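Numbering of the sequence shown is given in the working numbering, commencing with residue 1 and proceeding in unit increments. We treat Cβ as the ideally placed atom computed from N, Cα and C, and that holds for glycine. It should be emphasised that the depicted structure is a prediction, and the values quoted were computed from it without experimental measurement.
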Amino acid sequence: MTVVVVTDASSRLPAELLDKWAIRVVPLHILLDGEDLRDGVDDIPDDVHKLHATTAAATPAELANAYQQALADSEGDGVVAVHLSSALSGTCGAAERTAADLDPKVRVVDSRSAAMGTGFVALAAARAAAAGADLDAVADAARSAVSRSHSFIVVHRLDNLRRSGRIGGAKAWLGTALALKPLLRIDDGKLVLSQRVRTVTHATAAMIDRVCEVVGDAPAALAVHHVANPDGAEEVAAALSQRLPACEPAIVTPLGPVLALHVGAGAVAVCVELPES
């Protein structure tokens with residue numbers, strides 16, 4: 001057999017890629033009106049980002065079950081688990097504790113990212129596994145992808161960010177910058193302010209410019225995510241396709257309910273994986 005790759009629902013990998021690369025997914029949780037809803041398993045309202053819901057990490061039991069099944073299916077080759085940044089969720093910490101208790105052949109990689117920033121890391125590991133790489137090499141492939149990942153997001157409203165507490169170093173302006181549209185980036189796993197812009201249009205243009213600066217002429221992998229804003233996401237994907245001809249068309253998907261709760265309606269994000277040099 002081969003090394004098996006596990007990730008979590010925040011990775012937003014399309015079903016066809018999960019199936020193609022045999023990647024397993026552990027759910028994250030939405031707590032809404034006394035119910036515990038599992039992302040990717042249970043029905044979650046499309047407008048959950050507007051509701052008074054909270055998020056929770058994958059449970060130790062869910063992680064242990066996923067890892068044990070993956071270990072069995074690998075027939076001893078091992079498991080590489082790629083999870084949402086430890087600075088944004090408790091899932092990676094829980095995964096590391098679970099793996100330590102379970103088996104040394106379960107290797108946990110902190111993606112230091114979110115959405116397809118995490119998904120691209122899982123894909124890099126899965127491709128290495130499919131090529132016959134051993135456990136150490138698959139884990140190394142994942143870690144290499146972490147270092148080549150960049151993510152940006154334009155947020156329309158600050159309410160969700162303020163409630164979530166997931167943005168670092170911005171408390172001073174979150175309270176007073178109601179008219180500003182922040183361009184955020186993920187920096188070493190943390191969501192931080194990159195630029196403050198007066199309009200969504202200008203913030204989106206700034207994000208596209210930043211992505212193009214990061215990519216240059218490289219054949220990078222791209223993904224565009226959105227929260228209840230498919231037209232905005234398609235416009236960004238089209239602009240990137242025009243300006244970055246060396247890249248394949250971007251994967252376009254919703255950001256998903258867990259991350260949507262933290263950034264709110266209208267948000268558009270771009271995740272980039274640069275090729276190996």
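Exposure of Pro-275 is indicated by the presence of fewer than 16 other C-beta atoms within 10 angstroms of its C-beta. Within its own chain, the residues whose Cβ lies closer than 8 Å to the Cβ of Thr-2, once the five positions on either side in sequence are excluded, are Ser-74, Asp-77, Ala-129, Ala-130 and Gly-132, listed in chain order. For Ala-223, the enclosing beta strand (DSSP E) covers residues 221-226. In the three-state scheme derived from DSSP, where H, G and I count as helix and E and B as strand, Leu-71 is classed as helix. Counting along the chain, Lys-190 sits inside the beta strand (DSSP E) bounded by residues 190-197.
Sorting Leu-261, His-83, Val-268 and Leu-135 by C-alpha distance to the C-alpha of Lys-50 places Leu-261 at the top. DSSP lists Val-197 as the beta-bridge partner residues of Lys-181. When beta bridges are read from the DSSP output, Thr-253 appears opposite His-225.
For Leu-32, the uninterrupted beta strand (DSSP E) run begins and ends at 29-32, by DSSP. For Arg-38, the enclosing beta strand (DSSP E) covers residues 35-38. For Val-26, there is no enclosing alpha helix (DSSP H); the residue is found in the beta strand (DSSP E) stretching over 24-26. As computed with DSSP, Thr-54 is found in a beta bridge with Leu-31. When beta bridges are read from the DSSP output, Thr-7 appears opposite Val-25. Boundaries of the beta strand (DSSP E) around Arg-107: 106-110. In the DSSP annotation of this structure, the continuous segment of the alpha helix (DSSP H) that includes Ala-129 starts and ends at 116-130.
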